[in-house]
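Peer 1: Heads up: the sequence lines are chains G and B, in that order. Mapping of the first sequence onto my numbering: residues 1 to 227, in sequence order. Mapping of the second sequence onto my numbering: residues 1001 to 1301, in sequence order. Sending over a structure as structure tokens; questions will come in a sec.
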Amino acid sequence: MIIFQNVTKEYNHGTVALDKVSFKVHPGEFVSIVGRSGAGKSTVVKLLIGEEKPEKGQVFFSSYEVNKLKPSELPEYRRRIGVIFQDFRLLSKKTVFENVSFALEVAGRPQREINEFVPQVIEMVGLVGKERNFPAELSGGERQRVAIARAMINRPDLIIADEPTGNLDPLNTWEVIKILLKINEMGSTVLLATHDKEIVNTLGQRVITLDNGQVVRDEEHGRFLIG
Amino acid sequence: MVTISRIVKYGLQAIWRNGLLSASTVSIMILAALVFEGLIIFNVIGKSATQSIQEKIDISVYFKSNTPEDSILSIKRSLEGLNEVKEVEYISREQALEDFKARHSDDDAIKQALDELTSNPLLASLNVKAKDPHEYKTIANYLENQNLKEKVEKITYAQNQVVIERLISLVDTVKGTGILLTIFFAFLAVMVTFNTIRLAIFSNSEQLGIMRIVGASNKFIQGPYVIEGIFYGFVSAVISFVILVPLIGFLSPYLHTFIPELDLRVYFRESYISLFLYQLLFCVGVGIISSSIAIRRYLKT
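So, in structure tokens, the structure goes:
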């Protein structure tokens, strides 16, 4: 489903963010990508959502060769994946309901469908009663749950979470992880980039470890093994 | 259809929710629109002023009292045959006396003096108006070359040459300055509006990135800003027009004293629809173009 094939990414001043990285993720997997800050986790995410292009190698998702997508093809591609960020990235001038429905609206889905799906997803992430609130009126945990609701509203095959718990307290952290596990149980592949040791060790799922832009470990039931 | 209605909804929602930003953008655009209107009106005033000056410039050819009317009329015809000449008016000696009397009907001393005269002391003349004030010199030269010395008493061009030339250069300066000022202020108004809209979009640039990540296509990102541009343009055109109406009423009498030919209120009454349409076009045009250009740099990936 996801294939990174000898992917090298350099930034302007010659910094190598990823160095000949190769790995595969199969449909329905829950994979954690771990590593120190600057190890290349976020670069993997950026390459996967088409925000950056690799200097060498190929990135595949489903039938898409992501590194070859034209700017005009990116919107449609991005509707097939859901992304969650550490800083939530919500539309500050839109309410909870609108933030979630936006993803459906830009995909051109009919209003009837929006009115049906959005409340369901909002209920699933536990935000009933907050539909008309703006992001600024929510706690960090609530904001991240809005972001998750938005990511899953299009029923994507893949959910990418880039340090989703980085700004959250332990209680909210586990709430978010539980939701991600639930999404995974429902059939979506989940790719979790994190440097939270406790989460990775508790999950007991596949772990890809990055260090200095290279894959140093890839274990089926991995643990967080960086000092 | 669904897409357009959603884009319109986002646009209007953004205007409402960014109330303060919208208000400041509209107020800048109102100022720009007022400058634009000011330029149109300035050009109208300039045109009337220069026309009024041009109307006053002419050459009079005074004929000796013994010149027969026939030869004066034949000179008139030859003048009318010139390309440079707009019109030639013949004023006979009798007509000149009538005009003189009418002009001085309030002055008893002159009336009395005229009554004592046995013959008409005034001369017949031809008043020549040129199509372009620059042509008076050519016309004056033409008259001098016609060997009319025996018939002509005097040609006023020689006497008034300096004044005419000054008036001509004044008219030219007013026209030239008008064009320059129009270009300068129109550019200024467009730049200020453009930068205001650009700043408004810049302050939202992070939000644009988020929209992209969620899979919004360019039309979904750009569309609402174009709607905002149209809205700002429309509102500022209407408001600035509402400001303009009493302003014209106030200024009109003052201008009328300077340029009697110009009644700004009448001009406004006759052309307010086209004025408003120009303004609407200007504001909405600037709004749409500014937001379309400003947003483009955020639409790359």
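Just so you know, even glycine gets a beta-carbon here, dropped at the ideal spot from N, CA and C.
(1) Going by other Cβ atoms of all chains shown within 10 Å of its Cβ, with 16 needed for buried, is Lys1131 (chain B) buried or exposed?
(2) Counting only the same chain and skipping the five closest in sequence on each side, list residues whose C-beta sits under 8 Å from that of Val1284 (chain B).
(3) Do Asn154 (chain G) and Leu90 (chain G) have their C-beta atoms within less than 9 Å of each other?
(4) Nearest CA to the CA of Gly231 (chain G): which residue from G:Lys9, G:Asn167 and G:Gly129?
(5) How would you write the range of the alpha helix (DSSP H) that Val125 (chain G) sits in, first residue to last?
(6) Output needed for Ile1110 (chain B): all residues of its chain with C-beta closer than 7 Å, excluding positions within five of it in sequence on either side, in chain order.
(7) Apart from the five residues just before and just after Gln5 (chain G), which ones in its own chain have a Cβ nearer than 6 Å to its Cβ?
(8) Going by C-alpha to C-alpha distance, which of B:Gly1038, B:Lys1009, B:Arg1017 and B:Asp1106 sits closest to Phe1185 (chain B)?
(9) Between Lys130 (chain G) and Val96 (chain G), how many whole angstroms is the CB-CB distance? I'm expecting something under 8 Å.
(10) In its own chain, which residues sit with a C-beta less than 8 Å from the C-beta of Ser1292 (chain B), not counting the 5 before and 5 after it?
(11) What is the rounded straight-line gap between the Cα of Lys1154 (chain B) and the Cα of Lys1137 (chain B)?
(12) Just the Cα atoms here: how many angstroms apart are Met124 (chain G) and Leu192 (chain G)?
(13) The alpha helix (DSSP H) that contains Ala103 (chain G), what's its start and end?
(14) Measure the alpha-carbon distance for Thr1050 (chain B) versus Asp1115 (chain B) and round it to whole angstroms.
(15) Leaving out the 5 sequence neighbours to the left and right, which residues in its chain are closer than 6 Å to Gly1375 (chain B) when beta-carbon positions are compared?
(16) Strictly under 9 Å for the Cβ-Cβ distance: is Ala1294 (chain B) near chain G by that measure?
(17) Rounded to whole angstroms, how far is the Cβ of Ala151 (chain G) from the Cβ of Leu127 (chain G), which I believe are closer than 8 Å?
(18) In three-state terms, what does DSSP make of Asn1127 (chain B)?
(19) Please report whether the beta-carbon of Leu192 (chain G) lies at a distance below 9 Å from any beta-carbon of chain B.
(20) Below 7 Å on C-beta distance, what does Leu138 (chain G) contact in chain B?
(21) Please state the DSSP three-state secondary structure of Thr1301 (chain B).
(22) If you follow the alpha helix (DSSP H) that Tyr1010 (chain B) is part of, which residue opens it and which one closes it?
(23) Excluding the five sequence neighbours on either side, which residues of its own chain have a C-beta within less than 6 Å of the C-beta of Ile1197 (chain B), listed in chain order?
(24) Count the other C-beta atoms from every protein chain shown that fall within 10 angstroms of the C-beta of Thr1118 (chain B), then say buried if there are 16 or more, exposed otherwise.
(25) Enumerated in chain order, which unbroken segments of the beta strand (DSSP E) with a length of 3 residues or greater are wholly contained in the stretch 1131 to 1203 of chain B?
(26) Give me the Cβ distance between Lys1151 (chain B) and Ser1071 (chain B), rounded to the nearest whole Å; I'm assuming they're in contact under 8 Å.
(27) Alpha carbon to alpha carbon, what distance is there between Asn1195 (chain B) and Val31 (chain G)?
(28) Indicate whether the contact test is met: 3 or more Cβ pairs, each with one atom in the stretch 1255 to 1264 of chain B and one in the stretch 1027 to 1047 of chain B, closer than 8 Å.
(29) Tell me whether Ile159 (chain G) is buried or exposed, calling it buried when 16 or more other Cβ atoms sit within 10 Å of its Cβ.
(30) Does the stretch 178 to 190 of chain G touch the stretch 24 to 44 of chain G, meaning 3 or more C-beta pairs lie closer than 8 Å?
(31) Looking at Ile1259 (chain B) and Ser1060 (chain B), is the spacing between their C-beta atoms short of 9 Å?
(32) Determine whether the beta carbon atoms of Ser1217 (chain B) and Val100 (chain G) lie at a separation below 9 Å.
(33) Rounding to the nearest angstrom, what Cα-Cα distance links Glu1080 (chain B) and Ala1140 (chain B) in this structure?
(34) Go through its chain and collect everything with a Cβ distance to Leu1299 (chain B)'s Cβ below 7 Å, but skip five positions before and after it.
(35) Within a Cβ cutoff of 8 Å, which residues of the same chain sit near Asp162 (chain G), ignoring the five residues on either side of it in sequence?
(36) Label Met1211 (chain B) either buried or exposed according to how many other C-beta atoms from any shown protein chain fall within 10 Å of its C-beta, with 16 as the threshold for buried.
Peer 2: In this structure, then:
(1) Lys1131 (chain B) is exposed by the Cβ-count criterion.
(2) Gly1229, Ile1230, Gly1233, Phe1234 and Ala1237
(3) no
(4) With chain G running from 1 to 227 in the structure shown, residue 231 (chain G) is simply not present.
(5) Segment: none, Val125 (chain G) is in no alpha helix (DSSP H) and carries neither H nor E.
(6) His1104
(7) Ser22, Gly57 and Gln58
(8) Among B:Gly1038, B:Lys1009, B:Arg1017 and B:Asp1106, the Cα nearest to that of Phe1185 (chain B) belongs to B:Gly1038.
(9) 5 Å
(10) Gln1222, Tyr1225, Val1226 and Gly1229
(11) 15 Å
(12) 20 Å
(13) Per DSSP, Ala103 (chain G) belongs to the alpha helix (DSSP H) from Val96 to Val106.
(14) 40 Å
(15) Residue 1375 (chain B) lies beyond the range of chain B shown here (1001 to 1301); nothing can be said about it.
(16) no
(17) With 8 Å as the limit, Ala151 (chain G) and Leu127 (chain G) do not qualify as a contact, their Cβ atoms being about 14 Å apart.
(18) Asn1127 (chain B) falls in the strand class under three-state DSSP.
(19) no
(20) Ordered by position in chain B, no residue passes the 7 Å Cβ test against Leu138 (chain G), which lies about 16 Å from the chain.
(21) Note that Thr1301 (chain B) scores a pLDDT of 46, beneath 50, so its modelled location is shaky; the value from the coordinates is reported in the next line. Coil.
(22) Where Tyr1010 (chain B) is concerned, the enclosing alpha helix (DSSP H) stretches over Val1002 to Arg1017.
(23) Here the set comprises Ser1290, Ser1291 and Ala1294.
(24) exposed
(25) Fully contained in the stretch 1131 to 1203 of chain B are the following beta strand (DSSP E) runs of length 3 or more, in chain order: 1152 to 1155.
(26) 6 Å
(27) 46 Å
(28) yes
(29) buried
(30) yes
(31) no
(32) no
(33) 14 Å
(34) Taken in chain order, the residues that qualify are Asn1218, Ile1221 and Gln1222.
(35) Lys41, Ser42, Val45, Val83, Ile84, Phe85, Gln86 and Ala193
(36) buried
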